[in-house]
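Residue numbering for the sequence shown follows the working numbering, starting at 72 and increasing by one per position. Glycine is no exception: its CB is placed at the ideal position from the N, C-alpha and C atoms. One structure is given here, and the rest of the page talks about it.
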Amino acid sequence: MAFLTLRSCKVAMLAVLAMSAGVMVSCKAASSEGGQPVQAEAAPPEPGKAPDRAVEMAAPQDPYVALRYRLDWIGYPIVSREAEVQFFDPYPDIVIVHDSRNTLTVMDAATGANRWSLNLGNPLNKFVGNVRLDGELLVSAETEAMFFDLRTGEMKKRQAMGELVNTRPVVFGNIAVYGCATGEVVGHNLFSGYKQWGYKLRGRITANPVRVGSLVGVVSQAGDVVFLDPASGASYSRRRQIFAGLENDPVAGEGILYIAGVDQSVWAIAAEDARVVWRDRTSFPLHAQPSYHDGRLYVAVPHDGFVAYDGGTGSRLWTNPQVQGEAIALRNDRLIVWDGREVTALEAATGDVAYRAELPGVSRLVSDRFADGYLYAVHRSGEVRKFSPRN
(Lines of atoms letter the chains of each structure in order from A and count residues from 1; the text may use other names and numbers.)
(Lines give C-alpha, C1' and ligand atoms only; values in the text may rest on other atoms or scores of the structure.)
Protein backbone atom coordinates (compact mmCIF):
# COMPACT_ATOMS: atom_id res chain seq x y z
CA MET A 1 0.00 0.00 0.00
CA ALA A 2 2.92 2.25 0.79
CA PHE A 3 4.45 1.38 -2.63
CA LEU A 4 1.29 2.49 -4.43
CA THR A 5 1.26 5.79 -2.54
CA LEU A 6 4.91 6.55 -3.37
CA ARG A 7 4.35 5.72 -7.02
CA SER A 8 1.33 8.02 -7.14
CA CYS A 9 3.42 10.85 -5.71
CA LYS A 10 6.15 10.34 -8.32
CA VAL A 11 3.61 10.48 -11.12
CA ALA A 12 2.11 13.68 -9.73
CA MET A 13 5.52 15.29 -9.41
CA LEU A 14 6.41 14.44 -13.00
CA ALA A 15 3.16 16.01 -14.16
CA VAL A 16 3.86 19.22 -12.26
CA LEU A 17 7.40 19.44 -13.68
CA ALA A 18 6.07 18.98 -17.19
CA MET A 19 3.52 21.75 -16.72
CA SER A 20 6.17 24.09 -15.28
CA ALA A 21 8.48 23.44 -18.21
CA GLY A 22 5.65 24.25 -20.59
CA VAL A 23 4.94 27.52 -18.82
CA MET A 24 8.64 28.47 -18.88
CA VAL A 25 8.91 27.69 -22.59
CA SER A 26 5.74 29.68 -23.24
CA CYS A 27 7.02 32.70 -21.26
CA LYS A 28 10.39 32.55 -22.98
CA ALA A 29 8.77 32.44 -26.37
CA ALA A 30 6.62 35.42 -25.49
CA SER A 31 9.44 37.54 -24.03
CA SER A 32 12.48 36.70 -26.14
CA GLU A 33 13.57 36.38 -29.68
CA GLY A 34 16.64 34.42 -30.81
CA GLY A 35 17.56 33.69 -27.19
CA GLN A 36 18.00 37.41 -26.35
CA PRO A 37 15.79 39.40 -23.92
CA VAL A 38 13.39 41.80 -25.56
CA GLN A 39 13.73 45.35 -24.12
CA ALA A 40 11.50 48.34 -24.80
CA GLU A 41 13.56 51.20 -26.24
CA ALA A 42 12.54 54.81 -26.67
CA ALA A 43 12.53 56.05 -30.24
CA PRO A 44 15.48 58.34 -31.00
CA PRO A 45 14.63 62.03 -31.18
CA GLU A 46 14.05 63.60 -34.55
CA PRO A 47 17.03 65.50 -35.95
CA GLY A 48 17.18 69.05 -34.57
CA LYS A 49 14.86 68.29 -31.65
CA ALA A 50 15.76 67.94 -27.98
CA PRO A 51 15.30 64.46 -26.43
CA ASP A 52 11.89 63.77 -24.94
CA ARG A 53 12.21 64.32 -21.18
CA ALA A 54 8.81 62.93 -20.26
CA VAL A 55 10.40 59.95 -18.50
CA GLU A 56 12.70 62.20 -16.47
CA MET A 57 9.85 64.51 -15.56
CA ALA A 58 7.65 61.64 -14.41
CA ALA A 59 10.38 59.76 -12.55
CA PRO A 60 9.50 59.14 -8.87
CA GLN A 61 12.86 60.37 -7.60
CA ASP A 62 13.91 62.86 -4.96
CA PRO A 63 13.28 66.32 -6.48
CA TYR A 64 16.49 67.78 -5.08
CA VAL A 65 18.56 64.94 -6.51
CA ALA A 66 16.90 65.52 -9.87
CA LEU A 67 17.84 69.20 -9.61
CA ARG A 68 21.48 68.17 -8.96
CA TYR A 69 21.62 68.93 -5.23
CA ARG A 70 22.37 66.82 -2.16
CA LEU A 71 21.18 67.34 1.40
CA ASP A 72 23.74 68.96 3.72
CA TRP A 73 21.74 69.41 6.90
CA ILE A 74 18.34 69.94 8.48
CA GLY A 75 18.06 72.81 10.96
CA TYR A 76 15.42 74.08 13.35
CA PRO A 77 15.45 77.83 13.96
CA ILE A 78 13.27 79.12 16.78
CA VAL A 79 9.88 79.94 15.26
CA SER A 80 7.01 81.17 17.43
CA ARG A 81 3.76 79.26 17.62
CA GLU A 82 1.38 80.17 14.78
CA ALA A 83 4.16 82.18 13.11
CA GLU A 84 5.77 81.77 9.72
CA VAL A 85 9.17 82.73 8.38
CA GLN A 86 8.95 86.34 7.21
CA PHE A 87 12.57 87.11 6.30
CA PHE A 88 15.17 84.53 5.27
CA ASP A 89 18.68 85.70 4.40
CA PRO A 90 21.44 83.16 3.68
CA TYR A 91 25.09 84.24 3.71
CA PRO A 92 28.23 82.10 3.19
CA ASP A 93 28.74 81.58 6.94
CA ILE A 94 25.38 82.37 8.55
CA VAL A 95 21.66 82.09 7.86
CA ILE A 96 19.29 84.72 9.30
CA VAL A 97 15.71 83.63 10.05
CA HIS A 98 13.10 86.16 11.22
CA ASP A 99 9.55 85.00 11.86
CA SER A 100 6.26 86.89 11.65
CA ARG A 101 6.08 87.30 15.45
CA ASN A 102 9.57 88.84 15.50
CA THR A 103 11.66 85.96 16.79
CA LEU A 104 15.13 86.20 15.24
CA THR A 105 17.54 83.26 14.85
CA VAL A 106 21.07 83.25 13.47
CA MET A 107 22.15 79.79 12.26
CA ASP A 108 25.56 78.41 11.34
CA ALA A 109 25.57 77.92 7.56
CA ALA A 110 28.06 75.04 7.77
CA THR A 111 26.19 72.89 10.31
CA GLY A 112 22.64 74.19 10.64
CA ALA A 113 23.08 74.71 14.40
CA ASN A 114 21.49 77.76 16.00
CA ARG A 115 24.15 80.26 17.08
CA TRP A 116 21.68 82.40 18.98
CA SER A 117 18.05 83.43 19.03
CA LEU A 118 16.07 86.24 20.63
CA ASN A 119 12.71 87.94 20.63
CA LEU A 120 12.82 91.43 19.17
CA GLY A 121 9.86 92.70 21.16
CA ASN A 122 6.17 93.16 20.51
CA PRO A 123 4.94 90.71 17.84
CA LEU A 124 2.86 93.55 16.36
CA ASN A 125 5.89 95.76 15.67
CA LYS A 126 6.63 96.08 11.98
CA PHE A 127 10.09 95.07 10.80
CA VAL A 128 11.28 95.64 7.23
CA GLY A 129 14.39 93.49 6.85
CA ASN A 130 17.83 92.42 8.04
CA VAL A 131 21.25 93.18 6.56
CA ARG A 132 24.67 91.88 7.53
CA LEU A 133 27.31 94.54 8.24
CA ASP A 134 30.67 92.80 8.67
CA GLY A 135 30.56 91.54 12.28
CA GLU A 136 27.17 93.06 13.05
CA LEU A 137 23.59 92.46 12.02
CA LEU A 138 21.43 95.48 11.16
CA VAL A 139 17.79 94.76 12.06
CA SER A 140 15.43 97.43 10.75
CA ALA A 141 12.01 98.21 12.16
CA GLU A 142 9.83 101.03 10.84
CA THR A 143 10.79 103.22 13.81
CA GLU A 144 14.33 102.15 14.71
CA ALA A 145 17.52 100.36 13.70
CA MET A 146 19.09 97.74 15.98
CA PHE A 147 22.65 96.42 15.79
CA PHE A 148 23.55 92.94 17.11
CA ASP A 149 26.89 91.18 17.48
CA LEU A 150 26.79 88.30 14.99
CA ARG A 151 28.77 85.96 17.26
CA THR A 152 26.89 86.44 20.51
CA GLY A 153 23.57 88.12 19.72
CA GLU A 154 24.38 90.97 22.09
CA MET A 155 22.70 94.25 21.14
CA LYS A 156 25.43 96.83 20.48
CA LYS A 157 23.26 99.88 19.86
CA ARG A 158 19.90 101.10 18.62
CA GLN A 159 18.99 104.22 16.67
CA ALA A 160 15.67 106.00 16.14
CA MET A 161 14.59 106.52 12.55
CA GLY A 162 13.91 110.05 11.38
CA GLU A 163 10.92 108.81 9.38
CA LEU A 164 8.69 105.73 9.38
CA VAL A 165 10.55 103.46 6.97
CA ASN A 166 8.71 100.97 4.82
CA THR A 167 11.35 98.94 2.93
CA ARG A 168 14.43 96.85 3.46
CA PRO A 169 17.51 99.08 3.29
CA VAL A 170 20.29 98.99 0.75
CA VAL A 171 23.59 99.93 2.43
CA PHE A 172 26.40 102.04 0.93
CA GLY A 173 29.21 102.39 3.46
CA ASN A 174 27.76 104.23 6.46
CA ILE A 175 24.49 105.18 4.69
CA ALA A 176 21.42 102.93 4.72
CA VAL A 177 18.82 103.96 2.14
CA TYR A 178 15.15 103.27 2.94
CA GLY A 179 11.83 104.00 1.24
CA CYS A 180 8.94 105.43 3.26
CA ALA A 181 5.17 105.17 3.02
CA THR A 182 5.10 108.98 2.73
CA GLY A 183 6.98 108.77 -0.58
CA GLU A 184 10.27 109.98 0.87
CA VAL A 185 13.57 108.23 0.21
CA VAL A 186 15.72 108.48 3.35
CA GLY A 187 19.47 108.18 3.79
CA HIS A 188 20.12 107.10 7.40
CA ASN A 189 23.64 107.60 8.76
CA LEU A 190 24.62 104.38 10.57
CA PHE A 191 27.49 106.09 12.41
CA SER A 192 25.71 109.15 13.78
CA GLY A 193 22.24 107.60 13.97
CA TYR A 194 20.64 110.59 12.27
CA LYS A 195 18.83 111.19 9.01
CA GLN A 196 21.48 112.25 6.50
CA TRP A 197 19.14 113.30 3.69
CA GLY A 198 15.67 112.89 2.21
CA TYR A 199 14.26 112.94 -1.32
CA LYS A 200 10.50 113.15 -1.94
CA LEU A 201 8.65 111.16 -4.60
CA ARG A 202 4.98 111.07 -5.51
CA GLY A 203 3.17 108.08 -4.04
CA ARG A 204 4.08 105.52 -1.39
CA ILE A 205 7.29 103.50 -1.63
CA THR A 206 6.70 99.80 -1.03
CA ALA A 207 9.35 98.26 -3.32
CA ASN A 208 12.85 97.83 -1.95
CA PRO A 209 15.47 100.32 -3.21
CA VAL A 210 18.04 98.69 -5.51
CA ARG A 211 21.77 99.15 -5.97
CA VAL A 212 22.50 100.19 -9.58
CA GLY A 213 26.27 100.47 -9.77
CA SER A 214 27.25 103.30 -7.41
CA LEU A 215 23.69 104.69 -7.34
CA VAL A 216 20.44 103.66 -5.70
CA GLY A 217 17.31 103.22 -7.82
CA VAL A 218 13.85 103.76 -6.30
CA VAL A 219 10.34 103.30 -7.74
CA SER A 220 7.20 104.71 -6.11
CA GLN A 221 3.64 103.45 -6.39
CA ALA A 222 2.75 106.54 -8.41
CA GLY A 223 5.30 105.51 -11.03
CA ASP A 224 8.18 107.85 -10.15
CA VAL A 225 11.60 106.37 -10.95
CA VAL A 226 14.70 108.09 -9.61
CA PHE A 227 18.43 107.39 -9.30
CA LEU A 228 20.15 108.97 -6.30
CA ASP A 229 23.67 109.44 -5.00
CA PRO A 230 23.59 107.49 -1.70
CA ALA A 231 26.06 109.84 0.01
CA SER A 232 24.20 113.10 -0.65
CA GLY A 233 20.72 112.11 -1.82
CA ALA A 234 21.16 114.21 -4.97
CA SER A 235 19.35 113.06 -8.09
CA TYR A 236 21.88 111.75 -10.60
CA SER A 237 19.57 112.18 -13.58
CA ARG A 238 16.11 113.48 -14.33
CA ARG A 239 13.14 111.73 -12.79
CA ARG A 240 11.46 109.17 -15.03
CA GLN A 241 7.72 108.58 -14.92
CA ILE A 242 6.06 105.25 -15.71
CA PHE A 243 2.30 104.70 -15.63
CA ALA A 244 1.85 102.89 -12.30
CA GLY A 245 3.70 101.23 -9.45
CA LEU A 246 4.65 97.62 -8.84
CA GLU A 247 3.83 94.65 -6.61
CA ASN A 248 7.36 93.25 -6.56
CA ASP A 249 10.88 94.65 -6.35
CA PRO A 250 12.87 96.04 -9.27
CA VAL A 251 16.19 94.40 -10.17
CA ALA A 252 19.34 95.78 -11.76
CA GLY A 253 22.25 94.78 -13.95
CA GLU A 254 24.85 96.49 -16.14
CA GLY A 255 23.69 99.98 -15.14
CA ILE A 256 20.04 99.32 -15.99
CA LEU A 257 17.03 99.19 -13.64
CA TYR A 258 14.40 96.62 -14.66
CA ILE A 259 10.78 97.09 -13.59
CA ALA A 260 7.91 94.62 -14.04
CA GLY A 261 4.97 96.88 -13.31
CA VAL A 262 1.24 96.78 -12.83
CA ASP A 263 1.03 99.13 -15.84
CA GLN A 264 1.34 95.93 -17.94
CA SER A 265 4.89 96.74 -19.03
CA VAL A 266 8.42 95.50 -18.50
CA TRP A 267 10.74 98.51 -18.38
CA ALA A 268 14.51 98.82 -18.76
CA ILE A 269 15.73 102.26 -17.62
CA ALA A 270 19.37 103.39 -17.74
CA ALA A 271 20.69 104.86 -14.50
CA GLU A 272 23.07 107.33 -16.17
CA ASP A 273 20.32 109.43 -17.78
CA ALA A 274 16.96 107.79 -16.86
CA ARG A 275 16.55 106.88 -20.52
CA VAL A 276 14.10 104.11 -21.41
CA VAL A 277 16.38 101.52 -23.01
CA TRP A 278 13.43 99.33 -23.95
CA ARG A 279 9.87 98.55 -22.98
CA ASP A 280 7.79 95.42 -23.55
CA ARG A 281 4.04 95.96 -23.37
CA THR A 282 2.09 92.95 -22.11
CA SER A 283 -1.62 92.22 -21.84
CA PHE A 284 -1.89 91.98 -18.05
CA PRO A 285 -0.45 93.61 -14.91
CA LEU A 286 2.79 91.95 -13.80
CA HIS A 287 3.01 90.60 -10.25
CA ALA A 288 5.79 87.97 -10.14
CA GLN A 289 9.27 88.88 -8.95
CA PRO A 290 11.69 89.37 -11.89
CA SER A 291 15.29 88.10 -11.84
CA TYR A 292 18.42 89.22 -13.66
CA HIS A 293 21.55 87.21 -14.37
CA ASP A 294 24.38 87.44 -16.90
CA GLY A 295 22.66 89.73 -19.38
CA ARG A 296 19.24 88.11 -19.16
CA LEU A 297 16.04 89.25 -17.48
CA TYR A 298 13.53 86.59 -16.43
CA VAL A 299 9.89 87.56 -15.91
CA ALA A 300 6.68 85.54 -15.53
CA VAL A 301 4.11 87.25 -17.76
CA PRO A 302 0.44 86.33 -17.20
CA HIS A 303 -1.09 84.50 -20.17
CA ASP A 304 2.22 84.50 -22.09
CA GLY A 305 4.21 82.38 -19.65
CA PHE A 306 7.78 82.53 -18.39
CA VAL A 307 9.91 84.84 -20.55
CA ALA A 308 13.66 85.23 -20.97
CA TYR A 309 14.58 88.70 -22.27
CA ASP A 310 17.83 89.96 -23.69
CA GLY A 311 18.69 92.53 -21.02
CA GLY A 312 20.19 94.97 -23.49
CA THR A 313 17.64 94.90 -26.30
CA GLY A 314 14.42 93.60 -24.75
CA SER A 315 14.00 90.91 -27.38
CA ARG A 316 12.32 87.73 -26.16
CA LEU A 317 14.89 84.94 -26.33
CA TRP A 318 12.29 82.30 -25.47
CA THR A 319 8.91 81.89 -23.81
CA ASN A 320 7.46 78.88 -22.01
CA PRO A 321 3.66 79.25 -21.74
CA GLN A 322 3.39 76.38 -19.21
CA VAL A 323 5.53 77.96 -16.49
CA GLN A 324 5.00 80.79 -13.99
CA GLY A 325 7.00 81.81 -10.92
CA GLU A 326 10.36 83.33 -10.05
CA ALA A 327 13.78 82.28 -11.33
CA ILE A 328 15.79 81.65 -8.17
CA ALA A 329 18.92 79.87 -9.40
CA LEU A 330 20.92 78.51 -12.30
CA ARG A 331 22.25 74.97 -11.89
CA ASN A 332 24.06 72.90 -14.56
CA ASP A 333 22.71 75.16 -17.33
CA ARG A 334 19.20 74.73 -16.01
CA LEU A 335 17.10 77.59 -14.69
CA ILE A 336 15.28 76.76 -11.46
CA VAL A 337 11.85 78.40 -11.18
CA TRP A 338 9.72 78.37 -8.01
CA ASP A 339 6.03 79.30 -7.94
CA GLY A 340 5.34 78.68 -4.24
CA ARG A 341 4.16 75.11 -4.79
CA GLU A 342 6.07 73.58 -7.67
CA VAL A 343 9.71 73.72 -8.73
CA THR A 344 10.57 73.58 -12.43
CA ALA A 345 13.95 73.16 -14.10
CA LEU A 346 14.16 74.80 -17.53
CA GLU A 347 16.90 74.40 -20.10
CA ALA A 348 18.51 77.85 -19.95
CA ALA A 349 19.21 77.93 -23.67
CA THR A 350 15.72 77.01 -24.89
CA GLY A 351 13.25 77.29 -22.00
CA ASP A 352 12.20 73.65 -22.41
CA VAL A 353 11.00 71.91 -19.24
CA ALA A 354 13.61 69.42 -18.04
CA TYR A 355 12.07 68.51 -14.70
CA ARG A 356 9.05 69.46 -12.62
CA ALA A 357 7.88 68.42 -9.16
CA GLU A 358 5.79 69.61 -6.23
CA LEU A 359 7.55 70.30 -2.93
CA PRO A 360 4.94 69.56 -0.23
CA GLY A 361 5.28 71.64 2.92
CA VAL A 362 7.84 74.06 1.45
CA SER A 363 6.98 77.75 1.76
CA ARG A 364 10.21 79.24 0.40
CA LEU A 365 12.97 78.06 -1.91
CA VAL A 366 16.02 80.34 -1.74
CA SER A 367 19.51 80.25 -3.23
CA ASP A 368 22.40 82.10 -1.58
CA ARG A 369 23.67 83.11 -5.02
CA PHE A 370 22.11 82.78 -8.43
CA ALA A 371 24.65 80.57 -10.24
CA ASP A 372 25.50 77.20 -8.65
CA GLY A 373 24.86 78.36 -5.09
CA TYR A 374 23.52 76.53 -2.06
CA LEU A 375 19.77 75.91 -2.05
CA TYR A 376 17.61 76.33 1.06
CA ALA A 377 14.12 74.87 1.47
CA VAL A 378 12.12 76.59 4.22
CA HIS A 379 9.19 74.49 5.43
CA ARG A 380 5.95 75.83 6.84
CA SER A 381 6.78 74.06 10.10
CA GLY A 382 9.88 76.27 10.41
CA GLU A 383 12.30 73.50 9.46
CA VAL A 384 15.16 74.57 7.17
CA ARG A 385 17.01 72.23 4.82
CA LYS A 386 20.26 73.13 3.11
CA PHE A 387 21.30 71.49 -0.16
CA SER A 388 24.68 71.77 -1.85
CA PRO A 389 25.33 71.52 -5.60
CA ARG A 390 26.47 68.14 -6.89
CA ASN A 391 27.70 66.99 -10.28
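Annotated three-state conformation of Y265 is coil, per DSSP. DSSP places P280 outside both helix and strand once states are collapsed to three, so it counts as coil. Under DSSP, I407 shares a beta bridge with A400 and A416. Secondary structure of Y445 (DSSP, three-state): coil. Secondary structure note for A371: its beta strand (DSSP E) is the uninterrupted segment R367 to V372. When secondary structure is reduced to three states using DSSP, V150 falls in the coil class, being assigned neither helix nor strand. In this structure, P134 sits away from L446, with a CB-CB distance that is not shorter than 8 Å. No Cβ-Cβ contact shorter than 8 Å links L436 with A419.
Looking at the backbone, the Cα of P392 and that of R427 are separated by about 14 Å. Classified as exposed, H374 has fewer than 16 neighbouring CB atoms from the shown chains inside 10 Å of its CB.
Assignment of beta strand (DSSP E) within the stretch 327-376, counting only whole runs of 3 or more residues, yields 327-331, 336-341, 347-352, 362-364 and 367-372 in chain order. With a 10 Å radius around the Cβ and a threshold of 16 neighbouring Cβ atoms, Q230 comes out buried. Note that the stretch 264-275 does not touch the stretch 219-227; fewer than 3 beta-carbon pairs, one per stretch, sit closer than 8 Å.
With 16 or more other CB atoms across the displayed protein chains lying within 10 angstroms of its CB, V394 is buried. With respect to H259, A216 sits close: the two C-beta atoms are nearer than 8 Å. In this chain, the beta strand (DSSP E) harbouring Y426 covers V424 to E429. Counting only runs of 3+ residues, the beta strand (DSSP E) found wholly inside the stretch 205-265 occupies 207-212, 215-220, 226-231, 241-243, 246-250 and 255-260, in chain order.
Taking L195 as the centre and dropping the five residues before and after it, the same chain places no C-beta closer than 8 Å to its C-beta. For G284, the CB contacts under 7 Å within the same chain, skipping 5 residues up- and downstream, are G326 and A342 in chain order. Beta-bridge annotation (DSSP): K271 is paired with E255. Secondary structure at Y135: helix, using DSSP grouped into helix, strand and coil.
A direct Cα-Cα distance of roughly 41 Å separates D381 from R172. Not a single unbroken stretch of the alpha helix (DSSP H) spanning 4 or more residues falls wholly within the stretch 276-321.
Counting the other Cβ atoms within 10 Å of the Cβ of Q360 gives 16 or more, which makes it buried. A distance below 8 Å between beta-carbons, with the five flanking residues on each side excluded, links T384 to the following residues of its chain, in chain order: W349. Within the model, the alpha-carbon separation for S452 versus S308 is close to 47 Å.
Here V136 is exposed, its C-beta having fewer than 16 other C-beta atoms within 10 Å. One Cα belongs to D423, the other to R346, and the distance between them is close to 34 Å. Taken through DSSP and simplified to helix, strand or coil, Q157 comes out as strand.
DSSP places K457 in the strand class (E or B) of the three-state scheme. Secondary structure of R186 (DSSP, three-state): strand. Inter-residue distance for V210 and G264 is about 14 Å (C-alpha atoms, whole angstroms). DSSP places S452 outside both helix and strand once states are collapsed to three, so it counts as coil. Under the DSSP assignment, N391 falls in the beta strand (DSSP E) whose first and last residues are R387 to N391. DSSP, reduced to helix, strand and coil, places A180 outside both helices and strands of the structure shown, so it counts as coil. Per DSSP, V394 lies in no beta strand (DSSP E) segment and is marked neither H nor E.
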